[in-house]
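Trainee: Pasting a structure here, questions to come.
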Amino acid sequence: MTITPHSEETSLVIQLGSRRYRIHIGAGLMDRAGVLMAPILRQKRVFVISDSHVAPLYLERLQVSLSLSKIDSSYIILPSGEQTKSLAILEKLLDLLLAARCERRTALVALGGGVIGDLTGFAATILLRGIDLIQIPTTLLSQVDSAIGGKTGINTPYGKNLIGSFYQPCIVIIDISTIETLPVREIRAGYAEVVKYGCLDSPSFFKWLEIHGSQLLAGDLAARHYAVRMSCAIKARFVSADEREDGPRALLNLGHTFGHALEVETGFGSELRHGEAVSVGLVLAFDLSVRLGLCPGAEADRLRSHLTAVGLPVTIRQVLARPPEPARLLAHMARDKKVQDGRMQFVMARRIGRSFLNGTVKMDHVLAVLADSAGI
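Under the working numbering, the residue at position 331 of the sequence shown is numbered 334, and the numbers go up by one with no gaps.
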């Protein structure tokens, strides 16, 4: 797929055997959401799930758009933050939906970032044995990653997203203008996932990011549109080939085994954003690859240099005020969803743009990389 930079509305299709859904990308799509949804709704009634940060910004605009398309809408506003992805909040959400007589043909609309998307997606999976889901991601991170591909879930004290399911949305509507209202820190955090796609599968995209990444972060709309479309196109290809992560889709977790362990250590608090954890995790994955002689050191240095240049962290000691012993982080990693037969699976790199899975890494090497990054 060839994509050239421009800021017009575009769309991509995720094909899953006989099933498919469309991802719409462009500026101002919040005001066209009703028009885009109407053809795929089984009932002209939806419940919009949002949070206390996003709802004041976009809920009214979305409801106006829905009303113009004769779609009846109700809404539920939840607390913001990663701690909302919990069993307690899930139970509260399900109770509210059932009390409001949500039906099997009613759709849930996730309006927000990754937390709302993941939680609402999981609720849609299990409510009435499955109702329709629509994703309207409002953060850069959710637009390029969590809203695409059908992963849903909540966190537990044992790890991130350990309770969840694969459940595809009916449509994804990405209004890139919502990025403008995000704090700089949140945009940077989302950018780490964009960098992941270049590291994973596209050296040319990574090179483009080295040249244009600062423009994206500074607010250039065309750069943001191009980066979102490229990220979605790469993820769509992996998801279409492997919907349930039985094979190559696992490569999309580059940097996440390390990153999730850091998030568990912080208790999913505001001290550390998911994208910041992924940034450190990407560097750790490359450093581990270098340590094992699988990747040139210059490639890890190039990644580290770019992340540093845009203001993202690259070491554990940058994100944890009191880095734990490496063995503690390793214990968190051992509970990762990708563990198979008790053996940890690592996504590693041969170079930028060429990643692979490795299930034979000795833990002594992992501990050494963690210790170096933590400054222990």
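All C-beta atoms, glycine included, are put in the ideal place defined by N, C-alpha and C.
Using the beta-carbon count (16 or more within 10 Å), is ILE1 buried or exposed?
Mentor: Only positions 4 to 379 of the chain appear in the structure, and residue 1 is not among them; the question remains open.
Trainee: For ALA221 versus GLY278, is the C-beta spacing smaller than 7 Å?
Mentor: no
Trainee: Between the C-alpha atoms of ALA236 and ALA226, what's the straight-line distance to the nearest angstrom?
Mentor: 15 Å
Trainee: Could you spell out the range, first to last residue, of the beta strand (DSSP E) harbouring PHE209?
Mentor: First-last for PHE209: 206-221, but that is the alpha helix (DSSP H), not the beta strand (DSSP E).
Trainee: Along the alpha helix (DSSP H) that carries GLY162, what are the first and last residues, could you check?
Mentor: Segment 162-169 is the beta strand (DSSP E) holding GLY162; no alpha helix (DSSP H) there.
Trainee: Please list the segments of the alpha helix (DSSP H) lying wholly inside the region 253-325, counting only runs of 4 or more residues, in order along the chain.
Mentor: Complete alpha helix (DSSP H) runs here, min 4: 259-268, 277-294, 300-312 and 319-322.
Trainee: Quick one: what's ILE396 bridged to in DSSP?
Mentor: Any property of residue 396 remains undetermined from this structure, which presents the chain solely from 4 to 379.
Trainee: Pick helix, strand or coil for HIS9, following the three-state DSSP scheme.
Mentor: Model confidence at HIS9 stands at a pLDDT of 44, short of 50, so the residue's coordinates are unreliable and nothing is read from them.
Trainee: Are the Cβ atoms of PRO329 and LEU370 separated by less than 7 Å?
Mentor: yes
Trainee: Three-state secondary structure (DSSP) at SER21?
Mentor: coil
Trainee: To the nearest angstrom, report how far apart CYS105 and TRP211 are at their CA atoms.
Mentor: The straight-line gap from Cα to Cα measures roughly 46 Å.
Trainee: Given a cut-off of 7 Å on the beta-carbon distance, is the pair GLY152 and LYS238 in contact?
Mentor: Their beta carbons are under 7 Å apart, which means GLY152 touches LYS238 by this criterion.
Trainee: Could you check the C-alpha separation between PHE125 and TYR61 for me, to the nearest Å?
Mentor: 22 Å
Trainee: Tell me whether the beta-carbon of ARG2 lies closer than 7 Å to the beta-carbon of PHE169.
Mentor: Look at the range of the chain in this structure, 4 to 379, and you will see that residue 2 is not part of it.
Trainee: Helix, strand or coil: which one does DSSP assign to LYS238?
Mentor: helix
Trainee: Starting from ARG346, trace the beta strand (DSSP E) both ways and give me its first and last residue.
Mentor: Note, ARG346: premise wrong, no beta strand (DSSP E); not H, not E.
Trainee: With a threshold of 8 Å, are at least 3 pairs of Cβ atoms found where one atom belongs to the region 41-53 and the other to the region 70-87?
Mentor: yes
Trainee: Nearest-angstrom Cα distance between GLY167 and LYS154?
Mentor: 8 Å
Trainee: Which of the three DSSP states, helix, strand or coil, is assigned to ILE139?
Mentor: strand
Trainee: ASP339 by DSSP, collapsed to three states: which one?
Mentor: coil
Trainee: What does the alpha-carbon distance come out to for the pair ALA303 and TYR78?
Mentor: Rounded to whole angstroms, ALA303 and TYR78 show a C-alpha spacing of 46 Å.
Trainee: Considering only C-alpha positions, which residue in the set VAL364, ALA377, ARG188 and GLU268 is nearest to GLY380?
Mentor: Coverage of the chain is limited to positions 4 through 379, which leaves residue 380 absent and any answer about it impossible.
Trainee: From which residue to which residue does the beta strand (DSSP E) around ALA110 run?
Mentor: Unbroken beta strand (DSSP E) run through ALA110: 110-115.
Trainee: Take every Cβ of the region 22-42, pair it with every Cβ of the region 50-58, and state whether three or more of those distances are shorter than 8 Å.
Mentor: Output reads no: the region 50-58 does not touch the region 22-42.
Trainee: What residue does the alpha helix (DSSP H) around LYS95 start on, and which one ends it?
Mentor: 90-102
Trainee: Thinking ALA377 and PRO326 are a contact (beta carbons under 8 Å), I'd like their distance in whole angstroms, please.
Mentor: 4 Å
Trainee: How is VAL1 classed by DSSP in three states: helix, strand or coil?
Mentor: Since the first residue shown for the chain is 4 and the last is 379, residue 1 is missing from the structure and cannot be characterised.
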